[in-house]
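Just remember that our numbering sits 121 ahead of the position in the sequence shown, which is counted from 1. To start, the structure under review is shown below, and the notes come after it.
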Amino acid sequence: AGVTTTVYACFMQGEWAMVSTADEFNLAIAGKKNIYLTADIDFTGKNWSKGIQYGGEIAGNGFKLTGITLNIEASKSYKDNFGLFGSLTSTANLHDFTIENAQISFTDGGFMSVEYKVAMLAWKMEAGAKLTNITVSGGITQGKVETGSVVEYYAISAKDEGAVITNCNFDDVTLPENN
122 AGVTTTVYAC FMQGEWAMVS TADEFNLAIA GKKNIYLTAD IDFTGKNWSK
172 GIQYGGEIAG NGFKLTGITL NIEASKSYKD NFGLFGSLTS TANLHDFTIE
222 NAQISFTDGG FMSVEYKVAM LAWKMEAGAK LTNITVSGGI TQGKVETGSV
272 VEYYAISAKD EGAVITNCNF DDVTLPENN
């Protein structure tokens, strides 16, 4: 009789960046790579790339992203995409991670009578984008906003075009009052 061996294998299709530091995360997100988290990541003192259009997969494996601070100032050339992600495309698939105590500060850049929309997670989520088992906490603060400008704040997305959101929690996101 022969020897029986049990083999367990897990395959991930495509190219993946195995990420365990803020610098590795930033490189992977800027390169629009699929991201596989291998540890909790602290962004304290590190930049978060604002306005990113992302269509890859982030496999969080239950890990946390902490210490994220994003200062957003609108300008003539930067009028939207205000959120941790500017846009999640139809192929985006984010799952199984926590963004803990993220802080976004928004200032309108001195333009009068402009309407802005600011979101904690993504300014825009296209139909087909998937969010599964994600928890987000933290808050958005409002800096100087010119008279006549209108700012609306959202915990998840300012423009949800039909993303599939399953078992996600945004209850601990604090927002300024819409004005």
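Every residue gets a Cβ at the ideal spot worked out from N, C-alpha and C, and that includes glycine. Values in this document were obtained by computation on a predicted structure and should not be read as measured data.
Where residue i falls: helix, strand or coil (DSSP)
i	result
Ala180	strand
Ile150	helix
Ala143	helix
Val257	strand
Ala243	strand
Ile173	coil
Thr268	coil
Lys200	coil
From the options, residue whose alpha carbon lies closest to that of residue i
i	options	result
Phe206	Ala195, Lys238, Trp244	Trp244
Asn251	Ile189, Gln224, Trp137, Ala180	Inspection of the sequence shows that residue 251 is occupied by Lys rather than by Asn. Per the Cα distances, Ala180.
Met133	Thr142, Ser141, Asn155	Asn155
Val266	Gly166, Ile162, Ser141, Pro297	Pro297
Thr187	Asn168, Ser208, Asp163, Leu209	Asp163
Met241	Asn288, Ser198, Ile277, Thr159	Ile277
Ala284	Ala213, Glu194, Trp169, Thr159	Ala213
Lys171	Thr165, Asn182, Asp201, Val140	Asp201
Ala160	Gly183, Tyr175, Lys153, Thr190	Gly183
Gly249	Ser208, Phe218, Thr256, Ala195	Ser208
Glu194	Phe218, Val140, Tyr157, Asp229	Asp229
Residue i versus residue j: straight-line alpha-carbon distance, rounded
i	j	result
Leu148	Tyr237	29 Å
Asn222	Gly204	14 Å
Met246	Glu178	14 Å
Ile261	Leu215	21 Å
Phe146	Thr165	13 Å
Tyr275	Phe291	10 Å
Same chain, Cβ closer than 6 Å to residue i, five either side skipped, listed in chain order
i	result
Ser258	Glu221, Asn222, Asp293
Ala143	Ile162, Phe164, Lys167
Val271	Glu236
N-terminal and C-terminal residue of the beta strand (DSSP E) that residue i is part of
i	result
Leu191	190 to 194
Thr287	285 to 287
Phe164	No beta strand (DSSP E) contains Phe164, which DSSP labels as neither H nor E.
Beta-carbon proximity list for residue i, same chain, < 7 Å, skipping 5 on both sides
i	result
Gly231	Glu267
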